[in-house]
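One structure is given below, encoded as structure tokens.
Numbering (the working numbering), first residue to last: 122 to 283.
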């Protein structure tokens with residue numbers, strides 16, 4: 122199965138090149154450039170990685186390595202409201218897996234995918250550093266602590282009319 126090629130819009134391409142220039146096309150600024158690029162596109166498809174590699178004069182493999190190493194970066198589009206369930210030790214022990222299963226059941230999507238309406242995507246992440254609030258769920262930048270499976274519907278309800 123071959124990957125689907127996307128065509129970057131001229132305006133987005135220009136904006137991406139401007140981001141690279143704002144960091145003086147410095148290869149040492151790769152992570153910062155990728156953060157800004159993901160802000161523009163919402164994710165980092167191969168086409169964006171290729172432009173970044175070209176502009177910073179680094180191998181595409183290096184860009185790909187950074188994108189796949191850091192969990193913040195994604196190569197698939199995220200939902201408007203990305204849901205991340207912490208699966209670090211404290212959260213896991215306190216039932217994060219059941220919370221994650223409840224999100225999957227209600228939204229009818231597996232981890233790593235986005236709902237058909239583009240509203241939600243589900244991801245697991247290792248640790249958010251809020252172990253005292255375990256299990257922890259992030260929806261975008263908002264943090265929910267001590268989440269139980271029966272609290273999942275309540276969280277999703279907050280985003281119904283947005």
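Using N, Cα and C, we set each Cβ at its ideal position, and we do this for glycine too. It should be emphasised that the depicted structure is a prediction, and the values quoted were computed from it without experimental measurement.
- Query: Among all the DSSP beta bridges, which residues are the ones paired with residue 207?
  - Reply: 246
- In whole angstroms, what is the alpha-carbon distance linking residue 177 and residue 268? 42 Å
- Item | DSSP three-state assignment for residue 189, whether helix, strand or coil | helix
- Could you give the C-beta distance for residue 159 and residue 165, rounded to a whole number, given that I count them as a contact under 8 Å? 5 Å
- Task: Counting only the same chain and skipping the five closest in sequence on each side, list residues whose C-beta sits under 8 Å from that of residue 254.
- Result: 264, 266 and 267
- Can you round the beta-carbon distance between residue 192 and residue 246 to whole angstroms, since I take them to be within the 8 Å contact cut? 6 Å
- Task: Could you check the C-alpha separation between residue 123 and residue 172 for me, to the nearest Å?
- Result: With a pLDDT of only 43 at residue 123, under 50, the local geometry of the prediction cannot be trusted, and the value read off the model is given with reservation. Straight-line Cα distance between these residues: approximately 20 Å.
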